[in-house]
Amino acid sequence: MTEMSYYEVLEVSKDCSGAELKKAYRKLAMKYHPDRNPEDTEAEEKFKIVNEAYQVLSDDEKRSIYDRYGKAGLEGQGGMGHGGFGAGNMDD
54 MTEMSYYEVL EVSKDCSGAE LKKAYRKLAM KYHPDRNPED TEAEEKFKIV
104 NEAYQVLSDD EKRSIYDRYG KAGLEGQGGM GHGGFGAGNM DD
């Protein structure tokens, strides 16, 4: 089974506006929210994926990286900002 793109998760096109993105997110977040689906683990998982997709696509920088490299481009993004390669050995 192939993984859905964030655009497919939110049911929007790649060229959607911020307003369209937000509207789609709100609709799906309400649909799968754990408070509306108590004890439904599948809905909870979908809610998490919808939230993850929105967090990436609503941020222009993350969206640009995602559009170029997919999820793989986002995986190591935080590492260099927190010290990165050799940051602890600057005085050696």
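For our numbering, add 53 to where a residue sits in the sequence shown, where the first one is 1.
Idealized CB from N, CA, C, for every residue including glycine.
For ARG121 and GLY71, the gap between their C-alpha atoms comes out near 19 Å. Between the alpha carbons of ARG89 and GLU105 lies a gap of roughly 19 Å.
The segment 105–117 makes contact with the segment 68–84: 3 or more CB pairs, one atom from each, lie closer than 8 Å.
Contact check for ILE102 against VAL62 passes: the beta carbons are separated by less than 8 Å. About 24 Å separates the CB atoms of ALA125 and PHE100; that is not less than 8 Å, and the two are not in contact.
Shown here for VAL65: same chain residues with a beta carbon closer than 7 Å to its own, the five before and five after excluded, namely GLU73, LEU74 and ALA77 in chain order. Excluding residues up to 5 positions away in sequence, VAL109 and LEU110 lie with their Cβ nearer than 7 Å to the Cβ of ARG116 in the same chain.
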